[in-house]
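Numbering (my numbering), first residue to last: 610 to 881.
For each residue, glycine too, the CB sits at the ideal point set by N, CA and C.
First comes the structure, then the notes that go with it.
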Ligand SMILES: NC(=O)c1ccc[n+]([C@@H]2O[C@H](COP(=O)([O-])OP(=O)(O)OC[C@H]3O[C@@H](n4cnc5c(N)ncnc54)[C@H](O)[C@@H]3O)[C@@H](O)[C@H]2O)c1
Ligand SMILES: [Mg+2]
Ligand SMILES: [Zn+2]
């Protein structure tokens with residue numbers, strides 16, 4: 610796995626190349642005409658690093674920066690972050706997720722949420738501070754559970770209205786104030802598909818920059834209840850035999866990893 614060293618400021622002499630994640634209204638800028646492959650830029654390449662760029666750290670010794678621009682520089686194209694991330698190598702995915710979330714945080718916290726005063730970036734940590742009331746705004750994360758419900762050789766997969774046609778996935782839902790992740794799994798599964806689950810097993814997590822989710826994924830065994838899809842949230846939900854799955858998300862998302870790895874565990878008898 611490529612080594613990424615996070616940092617707030619560049620500590621060593623600048624590398625001749627740099628990874629630069631430049632955003633325009635939430636879209637990622639890539640040099641025109643290229644495929645969706647983000648390429649390291651020569652240090653002097655446009656768009657030049659502006660003073661409010663965010664230094665992210667070093668990926669395999671190459672400096673990584675994030676910045677936002679207000680108009681499209683000549684010779685660049687704006688592409689969807691999701692589409693670009695689908696084409697990125699794994700190591701770059703995490704840096705792109707960090708870049709996107711810092712740009713969104715910087716954009717959404719320019720004024721103090723307490724007194725409305727314009728905020729400033731703190732020099733010693735990733736934080737915006739209000740010069741009037743000292744209120745601190747750190748980059749916001751929204752924890753969200755993901756649950757793959759299983760029963761014997763079957764998986765409970767669902768689709769939300771915004772999913773690509775035919776795609777089914779694991780259930781997902783934001784953790785609410787005062788709730789643990791486990792309580793969120795039980796609540797969201799009951800709300801979204803009407804069944805009760807148990808034997809929660811942690812699977813893994815993923816930073817998900819749309820716009821600032823932190824996905825925490827579990828497998829959960831069905832305990833009771835018939836599927837009743839939540840109107841408005843869940844377009845369809847069904848039990849699928851592990852040898853007859855519908856189209857599922859690619860391995861780019863933790864849902865894609867979770868479903869494929871759980872199928873393997875059910876087939877091997879590791880999960881039973
Ligand atoms: N990486 C993956 O594999 C994967 C797969 C599915 C969903 N997700 C993500 O999981 C997250 C939650 O999924 P969901 O949309 O089903 O959530 P959900 O089931 O809780 O329902 C979404 C609703 O939650 C509310 N909401 C929006 N932002 C919120 C926030 N930050 N905190 C609390 N409530 C909020 C809104 O009313 C929204 O309609 C989303 O960011 C989604 O993109 C990731
Ligand atoms: Mg949901
Ligand atoms: Zn303030």
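Under the assumption that residue 779 contacts residue 867 (Cβ atoms under 8 angstroms), give the Cβ distance between them as a whole number of angstroms. Taking the first residue of the chain shown as 1, we reach residue 779 at position 170. Taking the first residue of the chain shown as 1, we reach residue 867 at position 258. That belief holds up - the Cβ atoms of residue 779 and residue 867 are roughly 6 angstroms apart, short of 8 angstroms.
How many angstroms separate the CA atom of residue 840 from the CA atom of residue 804? Start at 1 with the first residue of the chain shown, and residue 840 comes out as number 231. Start at 1 with the first residue of the chain shown, and residue 804 comes out as number 195. Taking the CA atoms as reference points, residue 840 sits about 15 angstroms from residue 804.
Can you tell me whether residue 721 is buried or exposed, with buried defined as 16 or more other CB within 10 angstroms of its CB? The residue given as residue 721 occupies position 112 in the chain shown. Classification for residue 721: buried.
Could you check whether residue 677 and residue 632 sit closer than 8 angstroms to each other, using their CB atoms as the reference points? Along the chain shown, read from residue 1 onward, the residue named residue 632 stands at position 23. Along the chain shown, read from residue 1 onward, the residue named residue 677 stands at position 68. Against a cut-off of 8 angstroms, the Cβ pair of residue 677 and residue 632 comes out as a contact.
Could you say if the stretch 682-696 and the stretch 796-815 meet the contact criterion of at least three C-beta pairs nearer than 8 angstroms? no
Where does residue 728 fall in DSSP's three states? Counting from one through the chain shown, the residue named residue 728 turns up at place 119. Residue state, collapsed to three classes: coil.
Do the CB positions of residue 781 and residue 753 come within less than 8 angstroms of each other? Walking along the chain shown from the start, residue 781 turns up at place 172. Walking along the chain shown from the start, residue 753 turns up at place 144. For residue 781 and residue 753, yes; Cβs fall inside 8 angstroms.
Using 8 angstroms as the threshold, is the stretch 823-842 in touch with the stretch 853-860, meaning 3 or more CB pairs across them? no
C-alpha distance - residue 732 paired with residue 629, whole-angstrom precision: Along the chain shown, read from residue 1 onward, the residue named residue 732 stands at position 123. Along the chain shown, read from residue 1 onward, the residue named residue 629 stands at position 20. Computed Cα separation, rounded: 21 angstroms.
Exposed or buried, which one is residue 613 when buried takes at least 16 other CB atoms within 10 Å? In the chain shown, residue 613 corresponds to position 4, counting from 1. That one is buried.
Measuring straight from C-alpha to C-alpha, what distance separates residue 871 and residue 811? Counting from 1 along the chain shown, the entry for residue 871 is found at position 262. Counting from 1 along the chain shown, the entry for residue 811 is found at position 202. So the alpha carbons of these two residues sit roughly 12 angstroms apart.
Counting C-beta neighbours from all protein chains within 10 Å, is the total for residue 672 16 or more, i.e. buried, or is it exposed? Against the chain shown, residue 672 aligns to sequence position 63. Classification for residue 672: buried.
Ignore the nearest five residues each way along the sequence and tell me which others in residue 809's own chain have a CB closer than 7 angstroms to its CB. Start at 1 with the first residue of the chain shown, and residue 809 comes out as number 200. Closer than 7 angstroms at the Cβ level, and outside the excluded window around residue 809, lie 791, 794, 827 and 829.
Just reading off the alpha helix (DSSP H) that residue 765 is part of, what are its end residues? Here residue 765 refers to the residue found at position 156 when the chain shown is read from its first residue. Not the alpha helix (DSSP H): residue 765 falls in the beta strand (DSSP E), residues 763-768.
Contact shell at 5 angstroms, judged by CB to any heavy atom of ligand 2, ordered along the chain: Those residues are 781 and 782, given in chain order.
Would you kindly work out how many angstroms separate the C-alpha atoms of residue 748 and residue 712, rounded to a whole number? As a position in the chain shown, residue 748 is number 139, starting the count at 1. As a position in the chain shown, residue 712 is number 103, starting the count at 1. Cα to Cα, the separation comes out at about 9 angstroms.
Cβ-Cβ distance between residue 639 and residue 647 below 8 angstroms: If you number the chain shown from 1, residue 639 lands on position 30. If you number the chain shown from 1, residue 647 lands on position 38. Yes, they are a contact pair.
Return yes when the C-beta of residue 631 is under 7 angstroms from any heavy atom of ligand 3, and no when it is not. Along the chain shown, read from residue 1 onward, the residue named residue 631 stands at position 22. Outside the cutoff, so no.
Separation of residue 847 from residue 694, as counted between CA atoms: Here residue 694 refers to the residue found at position 85 when the chain shown is read from its first residue. Here residue 847 refers to the residue found at position 238 when the chain shown is read from its first residue. Roughly 29 angstroms between the two C-alpha positions.
Measure the CB-CB distance between residue 821 and residue 750 and report whether it falls below 8 angstroms. On the chain shown, residue 821 is found 212 positions in, with the first residue counted as 1. On the chain shown, residue 750 is found 141 positions in, with the first residue counted as 1. Yes. Within cutoff.
Beta-carbon of residue 712 versus every beta-carbon of chain B: anything under 8 angstroms? In summary, chain B is missing from the structure at hand, where a single protein chain is found.
How would you call residue 745, buried or exposed, if buried means at least 16 neighbouring beta carbons within 10 angstroms? Indexing the chain shown from 1 puts residue 745 at position 136. Answer is exposed; the Cβ neighbour count stays below 16.
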